[in-house]
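What follows is one structure encoded as structure tokens, with my remarks underneath.
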């Protein structure tokens with residue numbers, strides 16, 4: 170991770186207010202493959218349970234109200250170098266759906282996520298997803 174990237178839960182600077190940085194496990198690579206819907210659902214549920222455990226372990230609690238509008242930056246840290254298109258597929262869909270279902274975001278559609286940026290890095294010892302959510306106030 171970049172040296173200036175905040176740790177989980179640490180506030181980060183942002184235009185719209187205090188940003189939240191959440192560190193989640195890297196979703197399984199197999200979710201991009203053609204997989205039977207039941208197997209895909211099982212993998213998604215397993216990852217979501219693991220992600221919830223990571224957040225609680227880090228002392229992260231969801232906001233009292235889901236964030237209505239925000240910019241989201243996703244930093245995909247994997248064991249091997251990853252193309253940006255694959256990082257976007259692996260690092261955005263399931264984590265953003267999870268944050269919506271878990272009550273962090275109102276929705277992950279364009280009315281609520283104003284901008285989405287994706288960056289990549291490698292770390293063989295600690296693959297993960299670092300998501301920075303910056304609320305946009307008063308639009």
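Residue numbers (my numbering): 170 to 308.
Just so you know, even glycine gets a beta-carbon here, dropped at the ideal spot from N, CA and C.
Which residues share a DSSP beta bridge with residue i?
i: residue 304; result: 239
Among the options, which one has its Cα closest to the Cα of residue i?
i: residue 291; options: 248, 218, 232, 189; result: 248
i: residue 198; options: 207, 189, 212; result: 212
i: residue 279; options: 245, 303, 238; result: 238
i: residue 228; options: 193, 285, 283, 296; result: 193
i: residue 190; options: 268, 233, 295; result: 268
Return helix, strand or coil for residue i, following the three-state DSSP convention.
i: residue 189; result: strand
i: residue 203; result: coil
i: residue 212; result: helix
So, for residue i: in the same chain, excluding its five sequence neighbours on each side, which residues have a beta-carbon less than 7 Å away from its beta-carbon?
i: residue 271; result: 221, 231
i: residue 217; result: 267
Apart from the five residues just before and just after residue i, which ones in its own chain have a Cβ nearer than 6 Å to its Cβ?
i: residue 185; result: Residue confidence is low: residue 185 scores 49 on pLDDT, short of 50, so the model does not pin down where it sits. No coordinate-derived value is stated.
i: residue 171; result: With a pLDDT of only 39 at residue 171, under the threshold of 50, the placement of this residue in the model should not be trusted; the figure read from the coordinates follows. Counting only Cβ-Cβ distances below 6 Å, and skipping sequence neighbours, we find nothing.
i: residue 289; result: 245, 251, 256
i: residue 176; result: With a pLDDT of 43 at residue 176, under the threshold of 50, the modelled position of this residue cannot be trusted; read the value that follows with caution. So no residue of the chain qualifies.
i: residue 206; result: none
i: residue 277; result: 265, 269
The ligand HEM heavy atoms versus the CB of residue i: any closer than 7 Å?
i: residue 240; result: The ligand HEM is not part of this structure, which contains no ligands at all.
For residue i, I'd like the list of residues in its chain whose CB is within less than 8 Å of its CB, leaving aside the five on either flank, ordered along the chain.
i: residue 264; result: 193, 196, 220, 243, 298, 300
Query raised in the report: Mind pulling the beta strand (DSSP E) runs of 3 or more residues that sit fully within the segment 221 to 299?
Result: 239 to 247, 282 to 291
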